[in-house]
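Accompanying notes for the structure given below.
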Amino acid sequence: MAVAFARYQRSQPWYRLFWVLFVPGVVISLVIASRLHLAVVGVVLAFAAQGAWGWISLRRVEKVNRAALAAAR
């Protein structure tokens, strides 16, 4: 099921444009957060890290699960 979900997500337009949309969004969010409070900067960085980690995980899930499923056969 994880492989099918990853394939579906990778076929979406937002996935292909992830870094084009992600980097400016993080920069703008950091500028706004820096004017509010230091704790808000930490929240923005945490959200950015989760977004980047999710993108990396979607790239890796098919390769990792394919090897695990082949070993189970």
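Numbering-wise, the sequence shown is residues 8 to 80 according to my numbering. Glycine included, C-beta positions come from ideal geometry on N, C-alpha and C.
Here's the rule: buried if 16 or more other CB atoms are within 10 angstroms of the residue's CB, otherwise exposed. What is residue i?
i, result
"residue 34", "exposed"
"residue 51", "buried"
"residue 13", "buried"
Measuring straight from C-alpha to C-alpha, what distance separates residue i and residue j?
i, j, result
"residue 17", "residue 25", "10 Å"
"residue 69", "residue 19", "16 Å"
"residue 75", "residue 10", "12 Å"
"residue 53", "residue 47", "10 Å"
"residue 62", "residue 73", "18 Å"
"residue 44", "residue 77", "50 Å"
"residue 66", "residue 37", "26 Å"
"residue 31", "residue 55", "11 Å"
"residue 49", "residue 29", "17 Å"
Output the residue ranges of the beta strand (DSSP E) runs that lie fully inside the stretch 9-43 and measure 3 residues or longer, sorted by chain position.
none
Taking only runs of the beta strand (DSSP E) that begin and end inside the stretch 39-71, which ones reach a length of at least 3 residues, in chain order?
none
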